[in-house]
Amino acid sequence: MPELPEVETVMRGLRACLEGRVIARAVANRPDLRWALPEGLARRLTGARVASFRRRGKYILMRLAGGSSVLLHLGMSGRIVVGRLRPNQPTLHEHLVLETEDGARVGLIDPRRFGSIDLVETAAEDAHRLLAGLGPEPLSDAFTPAVLSRALAGKRTPIKAALLDQGVVAGLGNIYVCEALFRAGLSPRRSSHTVPGRRATRLVPAIKATLTEAIAAGGSSLRDYVQPDGELGYFQHAWKVYDHEGEPCERCPGAPCRGIVRIVQSGRSTFYCPRTQR
DNA sequence: CAAGAATCCTGTCAGC
DNA sequence: TGCTGACAGGATTCTT
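So the first sequence is numbered by this note's numbering: it starts at 83 and just counts up by one.
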């Protein structure tokens with residue numbers, strides 16, 4: 083589920099409850115998620131002080147005082163829950179639990195186990211094999227129309243597929259690609275090589291605005307990013323095209339608009355308005 | 001070499 | 001109600 087805005091919101095929630103704290107207890111409930119967990123993960127976390135957090139694409143990095151960092155990806159179904167579990171609250175699929183000295187409890191739940199956890203030297207974070215190939219951060223100044231244009235030049239794949247490629251830009255997923263293309267008025271079917279130039283100049287601000295608004299929705303609707311049930315990072319979305327097949331598009335009220343359609347591109351659902359997205 | 005398909009898992013939901 | 005199949009927001013690995 084989580085794309086950049088959700089990962090950002092989860093990271094802020096983790097920061098609120100873990101930064102500066104000492105992990106008194108760590109329990110790994112299975113030896114692997116997508117891949118084997120690092121050797122001795124729970125042991126290495128126990129007693130460590132959490133120094134800081136950062137996000138890179140859809141990855142969360144939790145830096146420990148000793149010079150190593152935990153690299154976390156939530157995959158498709160990863161969630162973080164904080165606080166004491168209610169007596170009947172199921173702990174099924176809770177693969178990792180952290181408890182701090184001051185009583186906070188953080189659990190990682192991931193039924194599908196597409197998520198991953200690794201340890202990496204803090205000084206070499208960006209050289210990790212999972213981070214080395216990532217494209218620019220979409221919300222940074224490094225992500226410009228010129229940079230995107232260069233990444234798309236010569237590509238024959240549909241722009242939808244190119245934006246899902248984490249090497250082109252890091253952090254977009256199926257939902258926010260659909261939303262950003264709608265905002266930019268670009269068809270998801272358009273060949274990538276036709277985007278550089280004027281269209282990239284529209285697309286980059288559309289991506290930034292889409293992500294920024296989603297993050298703001300996450301931060302503003304929660305107190306310290308924690309919901310009553312203890313889950314971090316999920317919030318009411320206001321998607322304009324994603325999962326709105328057959329509904330009228332807000333860009334063409336009263337117009338001869340067939341509404342939002344769903345197509346399949348490289349096996350994934352795409353939603354768009356064929357009249358306003360060209 | 002680039003692009004699309006298959007794949008890893010489990011949960012949910014529509015349809016019969 | 002219960003079963004079955006399709007599908008799900010990711011990203012690597014395999015195949016064409």
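Backbone N, C-alpha and C define an ideal beta-carbon position, used for all residues, glycine too.
These figures come from a predicted structure and were not determined experimentally.
Going by DSSP in three states, residue i sits in which element: helix, strand or coil?
i	result
LEU115	coil
ALA110	strand
PRO227	helix
GLU101	coil
TYR324	coil
MET93	helix
ALA133	strand
ASP184	coil
ILE257	helix
ILE241	helix
LEU146	strand
With hydrogens ignored, establish whether the beta-carbon of residue i is closer than 6 Å to any heavy atom of the ligand COA.
i	result
ARG211	Judged by which ligands are present, the structure shown has none, so any question about the ligand COA falls away.
May I have the straight-line CA-CA distance separating residue i from residue j, to the nearest angstrom?
i	j	result
THR173	VAL152	22 Å
GLU101	ARG340	50 Å
LYS140	ARG211	14 Å
TRP117	SER198	7 Å
LYS237	ARG103	47 Å
ASP192	LEU178	10 Å
PRO278	LEU285	10 Å
GLY336	LEU268	21 Å
GLU219	PHE225	6 Å
LEU86	LEU154	13 Å
PRO84	ARG280	30 Å
ASP184	CYS331	50 Å
THR276	CYS99	46 Å
ASP325	PRO356	15 Å
VAL343	LEU246	19 Å
ARG194	LEU119	15 Å
Leaving out five residues on either side along the sequence, give the residues of the same chain with a beta carbon under 8 Å from the beta carbon of residue i.
i	result
PRO270	PRO240, ILE241, LYS242, VAL259, CYS260, LEU263, ILE345, GLN347, THR352, TYR354, GLN359
ALA214	ASP208
ALA130	VAL104, ILE105, LEU146, ALA147, GLY148
THR294	LEU221
Residues bridged to residue i by DSSP?
i	result
LEU178	ALA110, LEU190
VAL163	GLY189, GLU313
ASP200	LEU153
VAL251	None, per the DSSP bridge assignment.
LEU86	None, per the DSSP bridge assignment.
Looking only at its own chain, which residues have a Cβ that is under 6 Å from the Cβ of residue i, when we skip the five neighbours before and after it?
i	result
PHE196	ARG116, GLY157, MET158
GLU176	GLY189, ILE191
GLY312	VAL163, VAL164, GLY165
Once the 5 residues before and after residue i are set aside, which same chain residues still bring their CB inside 7 Å of it?
i	result
TRP321	ILE257, GLU261
LEU216	ARG138, GLY139, GLN248, GLY249, ALA252
ALA244	LEU234, LYS237, VAL250, SER274
ARG350	ASN256
ARG97	PHE135
VAL229	PRO218
Are the stretch 189-205 and the stretch 145-163 touching, with three or more C-beta to C-beta distances below 8 Å? yes
Closer than 8 Å is the cut-off here; do at least three beta carbon pairs connect the stretch 119-136 with the stretch 100-108? yes
Mind the definition here: the stretch 244-264 touches the stretch 281-290 only if three or more C-beta pairs lie below 8 Å; say whether that holds. yes
Under 8 Å, with one C-beta from each stretch per pair, do the stretch 84-102 and the stretch 127-141 reach the 3-pair mark? yes
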